[in-house]
Every structure is written in C-alpha cells, then in structure tokens.
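Notes follow the structure.
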Amino acid sequence: FRCDHCLDQALYCKSCLVLQHRREPFHWVSKWTGTHFQRVALKSLGLRVQLGHPLGVQCPFPSPAFDDDFVVVHLTGIHEVGLDYCGCSSGHVHSIQLLRLRLFPATSVKPKTAATFQVLEMFHILSLQSKISGWEYYRCLARRTDNTGISEMKDQYPGFMRMMREWRHLKLLKRAGRGNDIGGVKATATGSCAVICPACSQPGRNLPLNWENTPPSKSWLYRLFVGIDANFRLKRKDVSSDERDPGLNHGYAYFVEQSQYKQHLSIYGDLQLEEPSTCSDHDAVKLAQLKGTTAKNIATTGVGTVECSRHDMKPPTSVGDLQKGERYVNMDYMFLSSLQNHTLLEVVASYDIACQWTRRLFERMARYGWKIQYNERDITYLFLIPKFHLPAHQESCQMSFSFNLLPKVGRTDGEAPERGWFFVDPLATSTREMGPGSRRDVLDDSFGDYNWQKICRMPSAFLRKIKEAVLEASDHAEEFEEFVAALPADKVAEWTTAVEAWEKDQSCDNPFVVTHKNVTMVSVRLQLAKEEAAAAKLGSSVTLHTDISPAKLITAGLELEETHIQAKVLERQNTLTRKLEAWFSLQYLYMPHVALLRRAQGSLDLSETTAHTQKLCLPSDLPPYLPCDPCLVHYEWRLRYAQAFEILDDLRNHLRLRTSLRSLSNRFARGVRHKTRARSVIDSAQQAIDVDTKRYRNTRAALVSLASRLPNMAGWDIHLQPLLDSDIRELQEAADGVSEGRRTLSWIWRVPGVGGPDDSDGTLTLALRIEFCRTRARAHRWSEECELLEEEMRRIEAYHDWNSRWWTER
C-alpha cells in the first residue's frame, strides 16, 4: 500500500499504513494489485477514528456511528469513515465529541455527516475571494473523490451547505464576541456583529472628550460621511419565503431587521410624497416613483445601502432589499436606520439623486416618526451628489451639490457605494436562487469580509493618501498664491467675501456661476451698422459704394468663406462663382491692392472649377507688406472675434450631441444593423466636430494676423486659445491619462464670454473671478483633505486602543 497524499511514497503493509494514518484519517491510499494501483478507503483497511479520548487511546465502551455509516467532507474529498463515539458515562454528546476533533456535524441529533474545519475554512475564504458557489466547490470535492462520477456515492451537497451556513453564522458571532457575553446570542443587539470602520467618528470610542463643544472651525473634522445607492444586479427569485427560510442573522450585522422593515413598508409603502423631477431625467428618479413588484417570479429586485463614503465600508443596519426601484420609502428607512448607530451632530450624505430625494425628506421623516437627536441638538445635514454623477445634473445642481465647491469635505468623492458593489456583484448569480434568509446571511458575510479587508489595508492606504495629499495641497496652495498675487487686491477681497458668504449660505449669489452671455455676430453687425450710421452723420464715413459699406463688405466676405467649406458639388460651385464675382468687384473699390496681388498670383480670372479654392484676400489674408485700410482691419477683427465664440458654441453643441448619440447607441442599439445605423449618425456628428475644429483654427489664425496690424491688442487670446486635439472633449470627459480627481475642464468649456482686451463689458473680470473661486476651492479641498486624513489616522489608533480594552474586559 502507499498513500496518495503523504510526502513519503514508499510501499507499506496494511498494519503499518493504518498505524501511520491514525493522525491523517482523511487521506486516500492505493493498493498494488500486481498490475496497477487501485484506490481504497482507509476504513476498508480497518482504520477507526475514536472520539472523546486522546489520540491513540481506545475507548473501553466504543459506540460506532449509526449503521457504521459516517461520511466526512474534507479537502481531499468525501470519505466514508469508521467512527466510534465515546460510550463512557462521562462522555459528551456526539456533536460535542465531533467538534472537539474539529469535525462540524451536519445535525446535532445522531449525526451521520460532518465536515472538517479545514474544508469549511477553505470554502469560506474561496467564496469570499473568488465568489465560487457552494455547488461548484462541492462538485470539485466530488471529483477529487471519483473523477469518473460512476461510483455510488450519496449526495452530501444539502448537508454541506447547511454546515457552511451555520459555520458562517458562528464565525460572525465569534468575531463579535457574543460567546463572551453572559447574555449569549439571544442578547445580540441589531448591528452589533458588524465590522466597524475605525476611521469614522465614533463618540466614546475614538473621539476626544467634549468633542461636541469643539468650535465650528474644527468641528467639521468629526462629521459623518455617508453615501447612498442601490444595486439592481442583486435580485432574488421568488423561490422561498421568510417563513420557510428566515435566516440565522436577524439584523445583527448589515441588513436591517426584517420585521420592523416590513412593518415600515406596509404602513408607508403607499405614501405619496414624490414630486415630478425638477432636474435631468434620471433613471433613479423614475425608479423612485414605482410601486410594487411586477417582474415575474422576482421577489427582490435589488438592494439599497448606506455606506461610509470616506472609507468605503458598510455601517451596521444599513442594507435592505428593494421591491421595485429606488423608492424613497425604502431608501429613507436605510438612511435613518444607519444613523441610529451614531450620535454625531453633522452628517454629509451623498446620493446620485440628492437634489430630488431631499426636497421632502424631512417631511417624510416627520411622517415616519423617527427622531434622531443628540443631547436635544438636531443633526446638521449636508446633502451632495457624487462627483461622477454630478455632470449629468442641470447646472444649478452642479453648483449647489458639488463636493468640489462646498467647504469642509476634503477630497471626498461620494462614489464609495459604487466601488463597494464591484466586490459583491459576482455573487448575483448564486444568491438570486437562494431563499431570503440564506441570501441575507451570505451577503452579510461578504459585506463583513469586505470591511475586514478594508481595515487590514488601512495602514498602507492612509500612508499613500497622506503622501499624495500633502504634495497636492502644497502644489495647489502655491498655484493659488501666485494667481492671487497677479490679481488686483480689491478684486481679491471682493471675490473672497462673496465666496465665503456663499459657502456659509447657499441662498447667496453663487460666485461660481457664469452669468455673462457671449455676443454674437448678429449683435456685432448691428453695432457696426449703428457706428457707420453715426459716422455718416458726422461726415467721417469712408463708404465708397451707395449700398455696400466697409462693414457689409467684410461681413459678406466671411459668409463667402463659410460657403467655401460646403462648395463641393457643381451646383454649389456655380452659385459660389456668381457670388464671388459680385463680391470681388466691390472688394476692388475698398481694397485696390488685392487686384495687384491676384494678378501677381495668376488668379485674377475666376474659374468655376477653382471657385471653392479661390482665396478671398480679406485683410487677414494679406501679406504684412501689403497696405490695407485700418478701418477694414478693425471691422474684420471684431467680426472674427465674435465668429470664434460662435464656432466654439457650435463645437460644444456638437460634442454634447456626440455624447448623447453614443449613450443612446450603447443603451438601445442591438444587432449589426442598428449598430451600423447608429454608427453612421455618430460619424455625422463627428464630421460636424471636425468642421468646427477647422473653422475655429482658421478664424484664430486670421485673428493672429489681424492682431499684428492693430495697436494695443495684447491679451486678446486669453479666451481664444489654440485648439489642440486634446482640447476637443466633452464636458465630463477627461484628458488621456488624467484621473477623475485631477481632471480639468478643457478650456473650451471655461470660456465665459467675449470681451476685448480693455474688458469694457466685464467678461475678463468674470473669467478671472470664476477661475479665482475654482483655484481657491481646489487649494482648500486639498488642505482639508490633509486635516481629515490626519484626524482619521488618529481615530484609527484610538479605536484600536478602545477595541483592545473592550476585548480584555470581555
């Protein structure tokens, strides 16, 4: 005989092999038949496992397992074992005898099946890390036992899953210290078995004495940051009920206690306090209006949660099942339930539809009868929208619910729940077939493991974060100081007062909002017409034609330039040729040198075949040595300046259109035919973007040429910067390689309006004000992040000190 699992591969006789495996009864051995090795069980060789006595000591009154048919599930497979209980008068019950040999019984009465602690520990870790299902793992063990599947082996899968479920629950209670409590499991309070975030503020555990009396300049450091979200992947089919599968964990960890939750839904489930959305058409807002479950054979459509948005950990009693959609009645309960475990005075809550959810939140809270107070001082709430979701909201929401703009939130992004879902989403395929109780137990176990891994990684994570924050805070503070030094002192004082007033009271005027409107070419044409009319009255007009003034000449030239881009077919070329001939005849009146230039270039005769390539020779096209009427140069400058901003408007609109088309294609286009059609529409939008890009670059090149001919033009390109390919991106689109936390808007989205170098209409001042406010906000957020991280690291150490004392006292 030889053992298939021992390192020693030598051959032994039957008695020696049995003697060697008294400590390893769950190995497989092989017998040499003369031609090959054949697997045999140690039980068939006479090995007996004695319980209730030290190893090697035989009980004087052994009691074999019922029918001598005992099965043990181990890492090496599923074994039939010869097992003897202790029959002594002082012997323990059979289940205790099994547990003391690290065998977990499938039942407490006459057990015939058990699993080793090792196999339960292995599957527990594997299920948490790789999300393997119990069925898949059991099939692996079955194949290790017999990879052909032809042996008559009794199915131990139901028993294995019962043992695993109890194992999970006992581990939950053990790690929460329930075995050290005189009240035992029955005295377990809701949420007391959750793995707590040591970095969050917890009065009595990691906050200083009299923390509630801290002045406002520092009290924000003790804020509670939570994020709210729902996950519709974690569905559950209607395969069981709470009566048949109530679960072992009754609100002890992360899921809310079910009886109170159901009572809340039965009373307030039809509460009609939702209002039509005043923001964008969000899916979550529409889902909040849904009532009841209509999906066939679906008992639970998803899961809602409240999560620590600073450290990405789930607090106690913060998770609940959804019947359909993100109904406010469900999300309200989870939000309020999570706050019951805290006695803090300030809460920062982020939700992707916070702008709508909060409109009547306190009215709903009053209906529910929940009153969350601390020493009769009401909690101060700050509701924000996660950074990634914010660009989808209308502009007013982007200003009022922004983590980037509002003070005392550091670099929190509010997207923690989204990251947390990534860890549990792979469980969706296995949990959707479970009963309600077992599903909650499995998800609670997964949430606890996620929290535990977060705690284990906190030292390295906080070290990385604080190093990054210190460097970023220094860089942004230096940038802000340099910017302030270049601004007028009176403006800095004025803007600082305005932004501080808004930070204290959002009902004040928002200094981040752009209120200036771009002027258009229409308005510039009207203004030029008025100026020419005034000049005619004064006798200073230089008009050489009764119907066409210099301003009209330049305006018509710019219109012909636009036509150049589109003149690609013969019919358009014919029309363009006639227009060019008429315009050239007028141009020679005001710009006689152009005729000499065209004659020198050999392009004096206009041909239909070259109409779309014919240069117009506007003042911006003329070489520096060729003279031109300064009046014409000035007119083209003003029209070009307005034209550049109009082109930027077109470019931004086409970028938005392309983004919308891509989104619609991803959501609704299915199949090659529809994908191809959607692709052609997107390509049309891209062609428009390419045309806008070419038009802007040509217009800016003309402005550069004209600026060289005009005096005092320094600073005209503050708003009209060179348009690089990397600048052509949508509002929420980051440049390549730039993360969300550090991305900046392309300059095309930061242009507030049109203003000349003298800033006669205040647009330059407006642009500087907004940039001042944003630069200040970036510097302050990074500085706040440093303070928050320092306080959180102190709290982590204080919490572990408290937790150590707590365990010692147990």
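So the sequence shown is numbered by our numbering: it starts at 1087 and just counts up by one. For every residue, glycine included, the Cβ atom is placed at its ideal position computed from N, Cα and C.
Counting C-beta atoms within 10 angstroms of its own C-beta, T1121 has fewer than 16 neighbours from the protein chains shown and is therefore classed as exposed. If you draw a straight line from the Cα of L1184 to the Cα of D1241, it comes to about 21 Å. Under the Cβ criterion (8 Å, minimum of three pairs), the region 1435-1455 counts as touching the region 1346-1358. Looking at the backbone, the Cα of R1248 and that of M1485 are separated by about 53 Å. Under the three-state reduction of DSSP output, R1261 falls in the helix class. F1087 sits in coil when the DSSP states are folded into three classes, being neither helix nor strand.
For S1181, no beta strand (DSSP E) run applies; the uninterrupted alpha helix (DSSP H) run containing it begins and ends at H1180 to R1186, by DSSP.
Taking C-alpha positions only, S1706 is separated from L1683 by approximately 14 Å. For the pair A1563 and A1865, the Cα-to-Cα distance works out to about 5 Å.
A contact is defined here as three or more CB-CB pairs under 8 Å, and the region 1514-1523 fails this definition with respect to the region 1568-1586. Note that the region 1336-1350 does not touch the region 1433-1450; fewer than 3 beta-carbon pairs, one per stretch, sit closer than 8 Å.
For V1104, same chain residues with a beta-carbon under 8 Å away, outside a window of 5 residues either side, are L1128, L1131, G1132 and L1133 in chain order. Shown here, Q1124 sits in a strand according to DSSP, grouped into three states. By the criterion of a C-beta distance shorter than 8 Å, D1090 is surrounded in its chain by H1113, W1114, V1115, S1116 and R1125, once the five residues flanking it on both sides are discounted. For V1719 against L1792, the beta-carbon gap comes to about 6 Å, under 8 Å, which counts as contact. In the DSSP assignment, no residue is bridged to V1585. In the three-state scheme derived from DSSP, where H, G and I count as helix and E and B as strand, A1200 is classed as strand. Pairing N1427 with G1277 gives a Cβ-Cβ distance under 7 Å. Under DSSP, R1322 takes part in a beta bridge, and its partners are T1386.
In the displayed model, M1485 falls within a helix according to three-state DSSP. The straight-line gap separating the alpha-carbon atoms of S1532 and V1510 is approximately 7 Å.
The DSSP assignment places 1302-1305 as complete runs of the alpha helix (DSSP H) inside the region 1280-1308, in order along the chain (cut-off: 4 residues). The residue among W1892, S1890 and R1881 with its C-alpha nearest the C-alpha of L1295 is R1881. Within the same chain, no Cβ atom closer than 8 Å to the Cβ of N1233 is found once the five residues on either side in sequence are excluded. Residue environment analysis places Q1136 among the buried positions, since at least 16 neighbouring C-beta atoms fall within 10 angstroms of its C-beta. Separation of the CB atoms of L1408 and V1433 is rounded to 23 Å, and the pair is thereby denied contact status at 8 Å. If you look at L1169, you'll find it in the beta strand (DSSP E) that goes G1163 to C1172.
For E1567, the enclosing alpha helix (DSSP H) begins and ends at M1544 to A1571. One thing to note: L1097 has its Cβ no nearer than 7 Å to the Cβ of R1108.
Counting only the Cα atoms, S1395 lies some 13 Å from S1424. Annotation: V1342 to V1325 spans about 21 Å, alpha carbon to alpha carbon.
Counting along the chain, H1350 sits inside the alpha helix (DSSP H) bounded by residues Q1344 to Y1354.
When C-alpha distances from L1293 are compared across D1887, R1896, W1893 and Q1539, the shortest belongs to D1887. Scanning the region 1462-1521 from its first residue to its last, the whole beta strand (DSSP E) runs of 3-plus residues come out as 1466-1470.
For E1222, the enclosing alpha helix (DSSP H) has its first and last residue at G1220 to T1231.
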